[in-house]
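If you want my numbering, it's the 1-based position in the sequence shown plus 19. Note that CB positions come from ideal geometry on N, CA and C, so glycine has one too. What you are looking at is a predicted structure, and each value in this text was computed from that prediction instead of being measured. For reference, the structure discussed in these notes is given below.
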Amino acid sequence: MNSPAAPVRTDAALAAAAIALIVLPLVGLAIKLAWPGWMLFFVMMVSPVLLIGYVVQVICESVEYLLAA
């Protein structure tokens, strides 16, 4: 029996994933701030936790991207 081949990860796919994980949360935050509502209240109440999580995410993705290059 043959095992299925592992999917090939290209540099373009890796770069797109890294950029998306860094940029898209900022885009979402900008949209939430442009049209405030109940989500703005939620973001302000948990912003320290979100900020810590976002910083950890950016650091992890940046290190992964730089080590893979």
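- With respect to residue 41, residue 66 sits apart: the two C-beta atoms are not nearer than 9 Å.
- Residue 55 sits away from residue 76, with the two beta carbons spaced by 9 Å or more.
- Rounded to the nearest angstrom, the gap between the Cα atoms of residue 53 and residue 31 is 31 Å.
- Going by C-alpha positions, residue 46 is about 23 Å away from residue 85.
- Distance between residue 64 and residue 83, taken at the CA atoms: about 31 Å.
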